[in-house]
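Reviewing the structure listed below.
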Amino acid sequence: GGPRVGGASRGRGAVWEAMVQGRYAPMSPEWPEDADARELEALGGAEAGPASRAVQALESRSTRLQRTYRRQALVASLLVSALLTASALWGKVGPVALLGSRLRAPAEGKAQRYCTQNDEGMDYSTRDALPGVQGVLSAEDCRERCLAAASRGCGAWTWGQAAGIPGFSNVCFLKKLAQGEQPVARPKRGVVSGLACSMAPARSALLVKGCPVKDGVDLWTRKALRTLKDVSSARDCSAACATATGCGAWSWARQFQTCYLKHVQEGEAPKEVHKPGVVSGHGCDSEPNPPSDQEAVTMARTTTMTATTTLPTTAPPGTLWCFALMLPFGYEPKLLEMQMNYGQSLFTCDGYDVYSNRSWVFGNGQMVRIVNISLKCEFGGEFGTALNTPIFKAIWKQVVRDGTFQLYDWTVKVDPDCVFFPNRLRTILQKYDAIQSKRGVYLNNCRFGMHGPLEVFSRAAIQTLVDGWEECEAHFNKVCSGNCWWGEDMFADQCMQKVLHVPRKNEYDLLTEDHCDAPKDWQNCYDTSKAAFHPFKNRTSYKHCVANASDAEAGRVGALAAGTGSSIASSDEGIAFETGSFNDIVYNAVSTANQVTLFKK
1 GGPRVGGASR
11 GRGAVWEAMV
21 QGRYAPMSPE
31 WPEDADAREL
41 EALGGAEAGP
51 ASRAVQALES
61 RSTRLQRTYR
71 RQALVASLLV
81 SALLTASALW
91 GKVGPVALLG
101 SRLRAPAEGK
111 AQRYCTQNDE
121 GMDYSTRDAL
131 PGVQGVLSAE
141 DCRERCLAAA
151 SRGCGAWTWG
161 QAAGIPGFSN
171 VCFLKKLAQG
181 EQPVARPKRG
191 VVSGLACSMA
201 PARSALLVKG
211 CPVKDGVDLW
221 TRKALRTLKD
231 VSSARDCSAA
241 CATATGCGAW
251 SWARQFQTCY
261 LKHVQEGEAP
271 KEVHKPGVVS
281 GHGCDSEPNP
291 PSDQEAVTMA
301 RTTTMTATTT
311 LPTTAPPGTL
321 WCFALMLPFG
331 YEPKLLEMQM
341 NYGQSLFTCD
351 GYDVYSNRSW
361 VFGNGQMVRI
371 VNISLKCEFG
381 GEFGTALNTP
391 IFKAIWKQVV
401 RDGTFQLYDW
411 TVKVDPDCVF
421 FPNRLRTILQ
431 KYDAIQSKRG
441 VYLNNCRFGM
451 HGPLEVFSRA
461 AIQTLVDGWE
471 ECEAHFNKVC
481 SGNCWWGEDM
491 FADQCMQKVL
501 HVPRKNEYDL
511 LTEDHCDAPK
521 DWQNCYDTSK
531 AAFHPFKNRT
541 SYKHCVANAS
551 DAEAGRVGAL
561 AAGTGSSIAS
571 SDEGIAFETG
581 SFNDIVYNAV
591 STANQVTLFK
601 K
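Using full-length UniProt numbering, the first residue of the sequence shown is number 1, and each one after it goes up by one.
Below is the structure:
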């Protein structure tokens, strides 16, 4: 009942202290055999004498304590033995190996699953590439070639599986993958892609290079985790997966602004299903079970990343998302089909899309994004241009609703008849920080004002433009006392510069265009400082420009001009364009009687 007093309680405390210290044993002088009985007698709670029931009970307790002590002594002995063994191992293998050995096997197993999974029908795009290897007969062989080139930065690969295509079939396209970079995967027939995650023995699964973000793909797993409504971008969905316990994959539905988080069981490979309007990714920056404190310490010791480090959910700095608006009639569908098949123009950006007002599927399965508007417009105004501002108002608003631009640093609007070299643009953009201003930044490509064939905006600039479109309309309607009769390019330029105050940078090397004081003979496309040339409205003239630009980069302009020159692209069959890679290719040219065959360097 109440608190104990006197020597009896102090004696009981002394027993427990002696027991903890390993000094207590029954029948020792420190604790006489009848000590429990004496204590009870002092408290008046038991009869005197050694035969009392209380004494028997206490003797029974003493027996139980003896058994407990023996078990504790055995455990202590085993712990001492284990510590002595660990001490010996510490001197041989060191603390990192000793602490990390328990964690390494499962981490490597998870990494291996990501690294050996092939993406059939997917092309991986990265910021930089290595020379391709011809005569590679399997996807596994292509992966081995990438592993062998790891010292040169190879982290991803794409293998030309389709037969009978010169410069593509049995070619292994090796892609560099910088630290923290993730490839962008896009559907493409006849290719197989994968990662070359050659992991050092002491690295954890958190260091697996890049889990691709896949546009137009839904990932199916056996078990759903949760559904999140009102998620405005794929980036936010990916971030939600990274912080959700047990999330192994995610899919974001663009139209419904819904994020689906999914559980991936041990050994399970999510099934990829083609689904337009869906962006998906693996949650390889999150573990099914969060690491313990000891695991966090171990990871911190074995790698420069910590247990809380996550792989980026957006593309690496300087990346491009390019799109075109296609009229579903006339020359534009065939022109874009050719560019896609040969890996040219916007189709060599880190991400790309084609918008139209009519359903359309290209030969490789790429589907256009639908905008429910009329694409017919009049020509007029002060400059006699297409009065397409209402059309592009709808397009830009759809771009923001879709949200794909949020995954990239720069957005590029490209006209279908514009010969565009993304790698040249990347060189120009190196001097700019895409996030240097909260309102963003955009590039002016002509001394007369921005021209529409190639428009370049930072991510924030797109959001600023769309958010302020109505404000600009009201402003210019007042200034012009009604409609200003401008084309989309002039409206966007004046809106961002004069009303929304988005920083404007003059970059006249972006575009050579016949409506912007173009030099004589600009259509030969020999000027390697220019990122784009416009217009080329048929496939023959378009390929002619591409071939000449490639020759100019390789320093062959003089020789070809003296030889077959003007007949380089006299027929569609005269040039074999590189396919299967999203990176600009340097070509070698071999002059023949009336044509030049181009092949990958």
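Note that beta-carbon positions come from the ideal geometry of N, C-alpha and C, so glycine has one too.
Just to confirm before moving on: does the CB-CB distance between residue i and residue j stay below 7 Å?
i       : j       : result
Tyr-542 : Phe-533 : no
Val-133 : Gln-161 : no
Leu-375 : Leu-454 : no
Gln-494 : Arg-504 : no
Val-419 : Cys-322 : no
Asn-466 : Trp-396 : Sequence inspection shows Val at residue 466; the Asn mentioned does not correspond to that position. Yes, Cβ-Cβ distance for Val-466 and Trp-396 is below 7 Å.
Ser-125 : Asp-350 : yes
Met-340 : Phe-362 : yes
Ala-196 : Leu-130 : no
Leu-219 : Pro-270 : yes
Gln-344 : Val-371 : no
Using a Cβ-Cβ cutoff of less than 8 Å, which residues in the same chain neighbour residue i once the five nearest sequence positions on both sides are dropped?
i       : result
Ser-28  : Residue placement at Ser-28 is poorly supported in this model, since its pLDDT is 38, which falls under 50; the coordinates still yield a value, given next. Hits under 8 Å: none found.
Asn-483 : Asn-477
Leu-336 : Ala-324, Met-326, Val-354, Phe-362 and Pro-416
Ser-400 : Looking at the sequence provided, one finds Val at residue 400 rather than Ser. Cβ neighbours of Val-400 beyond the five flanking positions: Ile-462, Gln-463 and Val-466.
Among the residues of its own chain, which have a CB less than 7 Å from the CB of residue i, if the five just before and after it don't count?
i       : result
Gly-452 : Asp-415, Gly-487, Glu-488 and Asp-489
His-515 : His-451
Gly-283 : Cys-241, Ala-242, Cys-247, Gly-248, Ala-249 and Trp-250
Lys-393 : Trp-469
Asn-506 : Asn-444
Ser-232 : Gln-257 and Gly-403
Arg-222 : Gln-265 and Glu-268
Ser-169 : Gly-160, Ala-162 and Ala-163
Cys-525 : Val-419, Phe-533, Cys-545, Asn-548 and Ala-549
Glu-140 : none
Tyr-331 : Lys-537 and Asn-538
Asp-215 : Arg-186, Val-279, Gly-351 and Thr-404
Ile-373 : Asn-357, Ile-391 and Ala-394
Taking residue i as the reference, which of the options has the closest Cα?
i       : options                               : result
Gln-265 : Gln-257, Trp-252, Thr-258 and Thr-245 : Thr-245
Thr-464 : Met-450, Thr-427, Asp-236 and Val-502 : Val-502
Ser-193 : Leu-219, Thr-158 and Lys-431          : Thr-158
Thr-427 : Glu-268, Ser-280 and Thr-528          : Thr-528
His-274 : Gln-366, Lys-438, Cys-377 and Asn-548 : Gln-366
Pro-166 : Leu-177, Gly-155, Gly-153 and Gly-135 : Gly-135
Val-412 : Gly-468, Lys-229 and Val-456          : Val-456
Gln-430 : Ser-151, Asp-215, Thr-319 and Arg-145 : Thr-319
Tyr-352 : Leu-225, Thr-512, Ala-324 and Leu-335 : Ala-324
Glu-120 : Tyr-526, Gly-155, Asp-215 and Glu-272 : Glu-272
Lys-188 : Ala-178, Asp-123 and Ser-232          : Asp-123
Gln-179 : Gly-555, Trp-360 and Gly-155          : Gly-155
Leu-500 : Tyr-508, Lys-530, Cys-480 and Ile-462 : Ile-462
Arg-186 : Ser-169, Phe-168 and Val-213          : Val-213
Ala-460 : Val-479, Leu-195, Gly-449 and Gly-440 : Gly-440
Ser-359 : Gln-344, Pro-328 and Ala-474          : Pro-328
Ile-391 : Gln-406, Tyr-408 and Asn-357          : Asn-357
Tyr-408 : Glu-181, Cys-377 and Ile-373          : Glu-181
Ser-138 : Asn-118, Leu-346 and Lys-438          : Asn-118
Beta-carbon within less than 6 Å of residue i's beta-carbon, same chain only, minus the 5 sequence neighbours each way: which residues are those?
i           : result
Cys-142     : Val-136, Trp-157, Trp-159 and Cys-172
Val-217     : Glu-272 and Ser-280
Arg-447     : none
Gln-255     : Gly-277
residue 602 : The requested residue 602 is not part of the displayed model; the chain covers only 1 to 601.
Trp-252     : Ala-234, Cys-237, Cys-259 and Val-279
Phe-491     : Thr-389
Val-479     : none
Ala-512     : The amino acid occupying residue 512 in the given sequence is Thr; Ala does not appear at that position. Closer than 6 Å at Cβ, skipping near neighbours: Ala-518, Trp-522, Lys-530 and Phe-533.
Glu-473     : none
Assuming residue i contacts residue j under a Cβ cut-off of 8 Å, what Cβ separation, rounded to an integer in Å, is found between them?
i       : j       : result
Val-278 : Met-326 : The pair is not a contact, with the Cβ atoms about 21 Å apart (cut-off 8 Å).
Arg-127 : Leu-174 : With a Cβ gap of about 13 Å, Arg-127 and Leu-174 do not count as contacting.
Phe-421 : Ala-531 : 6 Å
Every unbroken beta strand (DSSP E) within the region 210 to 240, with a cutoff of 3 residues, ordered by chain: 213 to 220 and 223 to 228
Entirely enclosed beta strand (DSSP E) segments - the UniProt domain "Apple" (115 to 197), minimum 3 residues: 119 to 125, 154 to 160, 171 to 176 and 184 to 195
Those runs of the beta strand (DSSP E) which lie wholly inside the region 436 to 484 and span at least 3 residues: Counting only runs of 3 or more, we get 442 to 444 and 454 to 458.
Ordered list of beta strand (DSSP E) runs contained in the region 386 to 423, each at least 3 residues: With a minimum length of 3 residues, the continuous beta strand (DSSP E) runs that stay inside the region 386 to 423 are 410 to 414.
Beta strand (DSSP E) runs wholly inside the region 482 to 532, at least 3 long, in chain order: As for any beta strand (DSSP E) of minimum length 3 sitting wholly inside the region 482 to 532, the runs are 504 to 506, ordered along the chain.
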